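Protein chains: 2
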Amino acid sequence: MRHKSFGNMQCPIARSLEQVGEWWSILILRDAFHGLTRFDEFQRSLGIAPNVLARRLKTLTESGLLERRRYSERPPRDEYLLTERGRDFRPVLWALLAWGNKHLAPEGKSVIVVDSETGVEADPVLVDRLSGRTLAAPAFRSAPGPAADDHTRRRHASAAHKRLAAGHTPDTSSADGARRNRGVRVP
Amino acid sequence: MRHKSFGNMQCPIARSLEQVGEWWSILILRDAFHGLTRFDEFQRSLGIAPNVLARRLKTLTESGLLERRRYSERPPRDEYLLTERGRDFRPVLWALLAWGNKHLAPEGKSVIVVDSETGVEADPVLVDRLSGRTLAAPAFRSAPGPAADDHTRRRHASAAHKRLAAGHTPDTSSADGARRNRGVRVP
Numbered sequence: 000m001r002h003k004s005f006g007n008m009q010c011p012i013a014r015s016l017e018q019v020g021e022w023w024s025i026l027i028l029r030d031a032f033h034g035l036t037r038f039d040e041f042q043r044s045l046g047i048a049p050n051v052l053a054r055r056l057k058t059l060t061e062s063g064l065l066e067r068r069r070y071s072e073r074p075p076r077d078e079y080l081l082t083e084r085g086r087d088f089r090p091v092l093w094a095l096l097a098w099g100n101k102h103l104a105p106e107g108k109s110v111i112v113v114d115s116e117t118g119v120e121a122d123p124v125l126v127d128r129l130s131g132r133t134l135a136a137p138a139f140r141s142a143p144g145p146a147a148d149d150h151t152r153r154r155h156a157s158a159a160h161k162r163l164a165a166g167h168t169p170d171t172s173s174a175d176g177a178r179r180n181r182g183v184r185v186p
Numbered sequence: 000m001r002h003k004s005f006g007n008m009q010c011p012i013a014r015s016l017e018q019v020g021e022w023w024s025i026l027i028l029r030d031a032f033h034g035l036t037r038f039d040e041f042q043r044s045l046g047i048a049p050n051v052l053a054r055r056l057k058t059l060t061e062s063g064l065l066e067r068r069r070y071s072e073r074p075p076r077d078e079y080l081l082t083e084r085g086r087d088f089r090p091v092l093w094a095l096l097a098w099g100n101k102h103l104a105p106e107g108k109s110v111i112v113v114d115s116e117t118g119v120e121a122d123p124v125l126v127d128r129l130s131g132r133t134l135a136a137p138a139f140r141s142a143p144g145p146a147a148d149d150h151t152r153r154r155h156a157s158a159a160h161k162r163l164a165a166g167h168t169p170d171t172s173s174a175d176g177a178r179r180n181r182g183v184r185v186p
């Protein structure tokens, strides 16, 4: 089920947004990570209209982030469990959490990420898995990948042009470079 | 400007969603990271209705992710620049990008994150800054922070109960534990 169409759908960010659908979907995923599985549990947690919740659960199921499982035949009752695709979304939520804690919590943090065994607070940061370096501009940037079409290439070429005009690092990469360099990566 | 209100607004994820507002806002931020600053540039890139774009730029400015700067007096023209709060949102975008590349790009990656100097592809992963360990369940989980209210504590207590019922790691942390443990962290 598609909800919106965002210009160039090659962009993995736009595709992700399309799949997850709407803000409510993200809060449903958040609650699923907290162990909620049943319609009435989600409804109680979110205070959301039943028809909206039903629609969002359907979308998340069709997008493969949740799977529906019948847990009672009489009366017929389903629960919703995270799939691998759904579980993989958690870093996005924790990146949002870290951003919210930094910028939108003047009274202090209400929710944190902790080590499950020790309870020690974690400090979520996005890094490059191989080098361990923090992923931040200008040291890192997005670039066309091997499957990029002309639109995606033009968009990044124009961004490179703007960076040069602003006196930033010259753009030395290319999809070919990226392809070659993939040999370097540990699988 | 507030758009929606998501149940318990203590949750930093819900707050973040409220500030960023809508999917279009995220794609505007994506384009801002590509160096776009002007109304017509965003419009060309996104193929978005001018009134929608104007509204989203206004929201992002009021939320402090973009700042408006006049670059021409005659005719009056403004541009939109990322603030520190806006630039800090980039890891969220790259986490979405990594998820989209893993799950929604059967034809290969169209956009990747690269080292700006070498062009080598990065592999974005969320880790705990101190220990370097990958942030993933069940080794990590979210928990009430020092500013948590009763609602937030109840939500996490119920999640801990569900984890126990499912045979997962017992919940040994608490806000007090988190507070104590914060002394361990390098600032």
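Protein sequence lines, in the order shown, are assigned to chains A and B.
According to numbering that gives the first Met the number 0, the first sequence is numbered sequentially starting from 0.
According to numbering that gives the first Met the number 0, the second sequence is numbered sequentially starting from 0.
Think of the CB as a built atom: it goes at the ideal place given N, C-alpha and C, for glycine as much as any other residue.
Note that this is a predicted model, so its numbers are computed, not measured.
- Not one beta carbon of chain A lies nearer than 8 Å to the beta carbon of F41 of chain B.
- Rounded to the nearest whole angstrom, the CA to CA distance from A138 of chain B to D114 of chain B is 29 Å.
- Just so you know, the alpha carbons of G131 of chain B and V124 of chain A end up roughly 9 Å apart.
- By the Cβ test, the region 45 to 57 of chain B is in contact with the region 21 to 29 of chain B, since at least three Cβ pairs between them sit closer than 8 Å.
- Pairing Y70 of chain B with L163 of chain A, the inter-Cα distance amounts to about 20 Å.
- Contacts with chain B at 8 Å (Cβ-Cβ) include D122 of chain A.
- Contact note: A158 of chain A reaches chain B through H33, G34, using a C-beta cutoff of 7 Å and chain order.
- Within the DSSP bridge table, the entry for T133 of chain A names A:V126 as partners.
- Per the Cβ contact rule, the region 6 to 21 of chain B is in contact with the region 102 to 117 of chain A (3 or more Cβ pairs under 8 Å).
- L65 of chain B places its beta carbon less than 8 Å from that of L56 of chain B.
- Boundaries of the alpha helix (DSSP H) harbouring A159 of chain A: 149 to 164, taken from the DSSP string.
- The distance from the Cβ of V91 of chain A to that of A94 of chain B is about 4 Å, consistent with a contact at the 8 Å cut-off.
- For the set B:L59, B:G34, B:L35, B:T36, the Cα lying nearest the Cα of W23 of chain B is the one of B:L59.
- Cβ atoms of D122 of chain A and D127 of chain B come within 8 Å of each other, at about 6 Å.
- Proximity of chain B to F88 of chain A at the Cβ level (cut-off 7 Å) is accounted for by W98, in chain order.
- By the rule that beta-carbons nearer than 8 Å mark a contact, D149 of chain B does not touch chain A.
- With respect to chain A, the C-beta atom of K57 of chain B has no partner C-beta closer than 8 Å.
- Shortest Cα-Cα distance from R76 of chain B to any of B:R89, B:D39, B:G107, B:G85 involves B:D39.
- Taking a 10 Å sphere around the C-beta of H155 of chain A, we find 16 or more other C-beta atoms and assign the residue as buried.
- Along the region 99 to 117 of chain A, going in chain order, the ones with a CB nearer than 9 Å to a CB of chain B are G99, N100, K101, H102, L103, A104, E106, G107, K108, S109, V110, I111, V112, V113, D114, S115, E116, T117.
- E78 of chain A: member of the beta strand (DSSP E) spanning 76 to 81, first to last residue.
- I111 of chain A is bridged by DSSP to B:A142.
- When A:R67, A:A31, A:Q42, A:G99 are compared, the shortest CA-CA separation from L16 of chain B is found for A:G99.
- Leaving aside the five residues that flank T36 of chain B on each side, the residues in its chain whose CB is nearer than 8 Å to its CB run, in chain order, E78, Y79, L80.
- For E66 of chain B, the enclosing beta strand (DSSP E) starts and ends at 65 to 71.
- Distance between T82 of chain A and A135 of chain B, taken at the CA atoms: about 15 Å.
- The beta carbon of P49 of chain B sits no closer than 8 Å to any beta carbon of chain A.
- Around the beta carbon of R67 of chain A, fewer than 16 other beta carbons lie within 10 angstroms, which makes this residue exposed.
- Under the 8 Å criterion on CB atoms, D127 of chain B is classed as interfacial with respect to chain A.
- Interface annotation, A142 of chain A: in contact with chain B, CB-CB separation under 8 Å.
- Flagged as an interface residue toward chain B: I12 of chain A, by a C-beta distance shorter than 8 Å.
- Per DSSP, reduced to three states, the secondary structure at E106 of chain B is coil, with no helix or strand assignment.
- Under a criterion of Cβ atoms nearer than 7 Å, no residue of chain B is adjacent to F38 of chain A; the nearest Cβ is some 16 Å distant.
- 8 Å or more divides the Cβ of A158 of chain A from the Cβ of G107 of chain B.
- Leaving aside the five residues that flank D149 of chain A on each side, none in its chain has a CB nearer than 8 Å to its CB.
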